[in-house]
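One structure is given below, encoded as structure tokens.
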Amino acid sequence: MSAYILPDSLADLFETAASTDAVPGGGCVACVSAHMGIALLLKAIRITLKSKPELAVLQEAEGRLLGYAAQCLNYAQQDAEAFFQFLAAYKLPVSTVAEQTLRLKSIEQAVVSATQLGITISAMGNDILQLCCEIKPDIKLSIVADIVAGAYLVSAMIAVAIENANANLSDIQAIYPDLKASVLKAQTQNQALLAALV
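In numbering that gives the first Met the number 0, the protein residues as written are 0 to 197.
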């Protein structure tokens, strides 16, 4: 069980994020920010559907975005849990060679898990940006700015996930070149999608 539970209110999240506690950190907060970005995307879709209810592409996008919104909160919680695993690994005893070996292996496993989570978060974020590119032409002009605003919040989540993944890989990227390649791919895709959108 996690030692951190994502608060129900933004005010509580703000207080814990601003505290000296280890979590929530950047990854968790960025996922919540993307969750709010998705709210703006949904607003733009729903306002457009009021005047164009026949647009099936927007109806389908609405359902997908609701799923992504739930995933953002799930990933916010997972990010906090991943950091707790990392801290727990660092606190393992180092009195014997066996303990030192176990500690190093546990740290490596925690770093790899956290990096894989960052890659997964980035992939989801890029899927959301791709969806934004697809629906933007159909969005009512008076509300299209919310598509761009939402996309920027999602892109911020991707940027934080990539930053965290790169930090995690700083000492082990030679051992895990596939992870580094996945991070670079996510970063390149994010830049291209954001450029196409704005």
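The C-beta atom is built at its ideal place from N, Cα and C for all residues, glycine as well.
The C-alpha of Leu130 is placed about 27 Å away from the C-alpha of Leu5. Scanning Ser181, Glu14 and Ile46 for the CA closest to the CA of Lys139 turns up Ile46.
Shown here, Pro52 sits in coil according to DSSP, grouped into three states, outside any helix or strand. For Gly117, the number of other beta carbons within 10 angstroms of its own is at least 16, and it is reported as buried.
Taking Tyr3 as reference, the option from Pro23, Leu9 and Asp11 with the minimal CA-CA separation is Pro23. Within the same chain, and ignoring the five residues on either side of Ala195 in sequence, the residues whose Cβ sits closer than 6 Å to its Cβ are Cys132.
Cβ contact annotation for Met156 (same chain, cutoff 7 Å, sequence separation greater than five): Ala29, Cys30, Ser32, Ala33, Ile120 and Gly124, in chain order. Here Phe85 really is in contact with Val110; their C-beta atoms are around 7 Å apart, less than 8 Å.
Membership of Gly117 in the alpha helix (DSSP H) is indicated by the continuous run Val96 to Ile134.
Annotated three-state conformation of Gln172 is coil, per DSSP. Annotated three-state conformation of Tyr151 is helix, per DSSP.
Counting the other Cβ atoms within 10 Å of the Cβ of Tyr74 gives 16 or more, which makes it buried.
For Thr15, the uninterrupted alpha helix (DSSP H) segment begins and ends at Leu9 to Ala16. Nearest neighbour of Ala158 by Cα position, chosen from Ala180, Ile134, Thr187 and Ala144, turns out to be Thr187. The way I'd put it, the stretch 136 to 151 does touch the stretch 48 to 66; three or more beta-carbon pairs between them come closer than 8 Å. Secondary structure in the stretch 15 to 46: no beta strand (DSSP E) run of 3 residues or longer lies completely within the stretch.
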